[in-house]
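Q: A single structure is presented below for examination.
There are 2 protein chains.
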Amino acid sequence: MSLVVQKYGGSSLADAESIKRVARRIVETRRAGNDVCVVVSAMGDTTDELIDLAEQVSPMPPAREMDMLLTAGERMSMALVAMSIATLGHAAQSFTGSQAGLITDESHGKAKIVDVTPGRIRAALDEGHIAIVAGFQGVSKETKNITTLGRGGSDTTAVALAAALEADVCEIYTDVDGVFTADPRIVPSARRVTHISTEEMLEMAACGAKILHLRAVEYARRHGIALHVRSSFSPKPGTMIIDQPIEGEEGVEAPIISGVAHDRSEAKITVVGVPDSPGKAAEIFRVVAEAECNIDMIVQNVSAVESGLTDISFTLPKTDGQAGVKALDRIRESVGFESLRYDDQIGKVSLIGAGMRSNPGVSATFFRALSDSGVNIEMISTSEIRISVVTRADQLDDAVRAVHRAFGLDSADGEAVVYGGTGR
Amino acid sequence: MSLVVQKYGGSSLADAESIKRVARRIVETRRAGNDVCVVVSAMGDTTDELIDLAEQVSPMPPAREMDMLLTAGERMSMALVAMSIATLGHAAQSFTGSQAGLITDESHGKAKIVDVTPGRIRAALDEGHIAIVAGFQGVSKETKNITTLGRGGSDTTAVALAAALEADVCEIYTDVDGVFTADPRIVPSARRVTHISTEEMLEMAACGAKILHLRAVEYARRHGIALHVRSSFSPKPGTMIIDQPIEGEEGVEAPIISGVAHDRSEAKITVVGVPDSPGKAAEIFRVVAEAECNIDMIVQNVSAVESGLTDISFTLPKTDGQAGVKALDRIRESVGFESLRYDDQIGKVSLIGAGMRSNPGVSATFFRALSDSGVNIEMISTSEIRISVVTRADQLDDAVRAVHRAFGLDSADGEAVVYGGTGR
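In order, the protein sequence lines correspond to chains A and B.
According to full-length UniProt numbering, the first sequence is numbered sequentially starting from 1.
According to full-length UniProt numbering, the second sequence is numbered sequentially starting from 1.
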């Protein structure tokens, strides 16, 4: 008997009908002879509605209480899913994050999992129950307060439980058919990726592909969990995120590129006229880090010899933008820079593929594709298996389409099999 | 420093504005120099909405999951109240029933409190926090499952916490100004009762006065908790439910009667043509009890000598009616009765007052008042401090008004002080 962990997101649990559909899917998996542990998010817009309520009573809700409030969302959906399964004749029990043993640190709103002790889940499974667990939430180790894991939290709950229970697979159900070579809303000819390595999926997630949160992929990679992303609305096979080749597909030549990701969530701050002397850049980035801004890409212009001044640009999430500008403004005099420029009209396009490691022509093709489409490049950053550039926001869609086409990803020859992660 | 436990019902927490008003009230109590522990119900119609959702996914939701679902309601309101208090500059922390140490048996949907271990509440109060606790819910001793206490549960939570914390008073906030000598919707001249004994309040609650649940009053009486019922919408002083006379009011003559209660929630089952032989009645009531019907009043007619048959009538909650009829139908042949009559068009009017113990004229006045108003009496039941009769449902309002008037309760000489409970 296999143990399957399944995770259903809010869009798969929007209303009573959706919940019944999810329940049927869970029961099918059980009837196929598997032990099943299910992680659920809050229904549809519940979380947004709760945040809205909080804002009505408090301009700055305390984080501890915000977590208490938001965790009501999964509590509702997990109980409803368990009820719906019972109606189909199977025994199901729901468990809060705390009951399921999701032990976290004390950081309300963005807690990190420090331990998983799923004794009650194990017992429920052993008694023949289907276990339904609230995603996104845990209980803090020291104070026993209720915590939430922050963005992508339910995916992380599922992966963490899969690891602790030594599950055979962790299925992430969502409202799309899997991972695509690009966002099908921008590139209609984008193809579903049948397999992708965790390393590539990590880069995809980090570069704005929203299907899986970076953190969940990291957790899966660290613990060797096979992830399977698929749609709760269709029986299609989805995408396997796994570092070992699948049996029977060993002979398939791995493509060079796994996909094109894009990201509209970042802004660019330019620190203008920084004195070109040692320690100035370090001071700038120390202050930005202390303001808890996540810096992504950095560019330092060559300094003009006559002035002795240089410009430093970096990108960060728009949500961190205000904090970053504020923090920098306070050190303007001590660092001695001239001014700050804030630009939130940027986009980032990234090409990801483990195959580019051994294919030196990749970056040439990438830059030629952009230049042929008239896309202006503002910043560049690369890793072993990724190239990212910042463009104007209004050129982003063109950039994605150009790159997707240049690497032959939108040819109509079926689905993409991506195995770069194994180095083949 | 006093310790005050306050309980706010759903109608006091209907929306963000109501929550803010409740928060101000709590903060006032804190600023007056008290430690404050607050028990909250779910907001407004939340519980009904959750039940509705459950019915959409399951015709017979498992009780364990129903409890998990419904407890989301108080979780939301307690977090919002805590946030709103924080906005007013006071530290507040919310706690689930489980965190607050409300330990119950395993009966989902109608759990009984078996222990209260409010260590975390004590600690929060000692740290200067206002503690907000989810009413209506607990955690089962053996299985650690989440339970709910059933009807009147939040009142019971408040009383149980007041007892365990040795609070000075337990204030029950509701949407009316206190306990009245009769329902003001039926008797517009009904007066607020300033003080009433727990014994009389118990009879009031048992006879249909909805302001406090029987169970909470019983708990308060058993643990000697002073209850204070008042409105969250007005600063009026409300009603003290307490067995000791209040200082400064010792000289006040206690009135004979505390109030007139009425109840429309019961139905009457008549078992027609029961053989008048030993054991038949016992068999009937055993079966009804096994069907978990709560029998209230019982009347057995004098049997007709010639037929050797008698009729047995009893009242029970309408919600138990179907189960009662079904159970009895199954023993029709073995007991040998002729037929069953079910009547849900009845009402019950009750006169309550500890003073009637030493006033033999009370029942005469009571029956004369009803007869003068043309109210027909179908069943009678009495205790030391109560007389109840069953009437036709459409005569109930007349009956309440007639009795209220006959005992001088609607004279305009201020508020009623009721002290029958101390025997004075």
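Virtual Cβ for every residue (Gly too), placed ideally from N, Cα, C.
Values in this document were obtained by computation on a predicted structure and should not be read as measured data.
What does DSSP give as the partner residues of C170/B in its beta bridges?
A: V5/B, L227/B
Q: Specify the secondary structure class of K348/B as computed by DSSP and reduced to three states.
A: strand
Q: Once you ignore the five residues that flank G324/A on each side, which residues in its own chain have a CB closer than 7 Å to its CB?
A: I269, V288, A291, C293, L316
Q: Hey, quick one: how far does the alpha helix (DSSP H) through D329/B stretch, first residue to last?
A: 318-329
Q: How is G251/B classed by DSSP in three states: helix, strand or coil?
A: For G251/B, the pLDDT reaches just 42, beneath the cut-off of 50, and the residue's location in the model is therefore unreliable, although a value from the coordinates is still provided. Of the three classes helix, strand and coil, the one that applies to G251/B here is coil, per DSSP.
Q: Within 10 angstroms of the Cβ of residue 502/B, are there 16 or more other Cβ atoms? Answer buried if so, exposed if not.
A: What is shown of chain B runs 1 to 424, which leaves residue 502/B out entirely.
Q: By the DSSP assignment, the beta strand (DSSP E) with V299/B in it spans what residues?
A: Counting along the chain, the beta strand (DSSP E) containing V299/B begins and ends at 298-300.
Q: Closest by CA to Q300/B, which one among L309/B, S313/B, S231/B?
A: Taking only the C-alpha atoms, the option nearest Q300/B is S313/B.
Q: Under 9 Å, CB to CB, which of the residues in the stretch 138-152 of chain A have a partner in chain B?
A: K144, N145, I146
Q: Among A131/A, E283/A, L212/A, which residue has its Cα nearest to the Cα of S231/A?
A: L212/A
Q: If distances are taken between C-alpha atoms only, which option among V335/A, Q345/A, S334/A, V302/A comes closest to G321/A?
A: With distances taken between Cα atoms, G321/A lies closest to Q345/A.
Q: Once DSSP output is grouped into helix, strand and coil, what is the label at R386/B?
A: strand
Q: With distances taken from CA atoms, which of H223/B, A163/B, A216/B, D410/B is nearest E203/B?
A: Residue A216/B holds the alpha-carbon nearest to the alpha-carbon of E203/B among H223/B, A163/B, A216/B, D410/B.
Q: Measuring only the C-alpha atoms, how far is V4/A from A32/B?
A: 56 Å
Q: Say whether the stretch 166-180 of chain A touches the stretch 138-148 of chain A, bearing in mind that this needs 3 or more beta-carbon pairs closer than 8 Å, one atom from each stretch.
A: no
Q: Mapping DSSP to helix, strand and coil, what is D311/A?
A: strand
Q: Provide the residue span of the beta strand (DSSP E) that contains G259/B, from first to last.
A: 259-263
Q: Between V38/B and chain A, is there a C-beta pair that is closer than 8 Å?
A: no
Q: What does E127/B reach in chain A if we use C-beta pairs closer than 9 Å?
A: Residues of chain A passing the Cβ test: none, with the nearest at roughly 12 Å.
Q: In its own chain, which residues sit with a C-beta less than 6 Å from the C-beta of E250/A, not counting the 5 before and 5 after it?
A: Only weak support exists for where E250/A lies, its pLDDT of 45 falling under 50; the value from the coordinates is given anyway. Hits under 6 Å: none found.
Q: From what residue to what residue does the alpha helix (DSSP H) around F366/B run?
A: 362-372
Q: Within its chain, find whatever has a CB closer than 6 Å to the CB of E17/B; leave out the 5 residues flanking it on each side and keep chain order.
A: none
Q: Using a Cβ cut-off of 9 Å, pull out every chain A residue sitting near K110/B, in sequence order please.
A: By Cβ distance, chain A contributes nothing, its closest Cβ being about 18 Å from K110/B, past 9 Å.
Q: Within the same chain, show all residues whose beta-carbon is closer than 7 Å to that of D329/B, passing over the 5 residues directly before and after it, in chain order.
A: L340
Q: Taking all protein chains shown into account, decide if I34/B is buried (16 or more other Cβ within 10 angstroms of its Cβ) or exposed.
A: It should be noted that the sequence gives Asn, not Ile, for residue 34/B. Classification for N34/B: buried.
Q: Starting from V133/A, find everything on chain B with Cβ-Cβ shorter than 9 Å and list it in chain order.
A: Contacts between V133/A and chain B, judged by CB atoms closer than 9 Å, are missing: the closest CB pair is about 12 Å apart.
Q: Given that Q300/B touches chain A, what residues does it touch there, using C-beta distances under 9 Å?
A: None at all; the shortest Cβ gap to chain A is about 43 Å.
Q: Between A261/B and I385/B, is the Cβ-Cβ spacing less than 8 Å?
A: no
Q: Against chain A, with Cβ distances strictly below 8 Å, would Q93/B count as a contact?
A: yes
Q: How about G44/B and G10/B: do their beta carbons lie closer than 8 Å?
A: yes
Q: With 16 as the cutoff for other CB atoms within 10 Å, does P61/A come out buried or exposed?
A: Label assigned to P61/A: buried.
Q: Quick check on K112/A: does DSSP put it in helix, strand or coil?
A: coil
Q: Between the C-alpha atoms of E200/B and G238/B, what's the straight-line distance to the nearest angstrom?
A: 16 Å
Q: Figure out for me which residue from G224/A, T46/A, R332/A, R24/A has the closest Cα to the Cα of V271/A.
A: R332/A
Q: Which stretch, first to last residue, makes up the beta strand (DSSP E) that contains M240/A?
A: 239-241
Q: Which residue spans inside the stretch 130-205 of chain A form an unbroken alpha helix (DSSP H) run of at least 4?
A: 153-164
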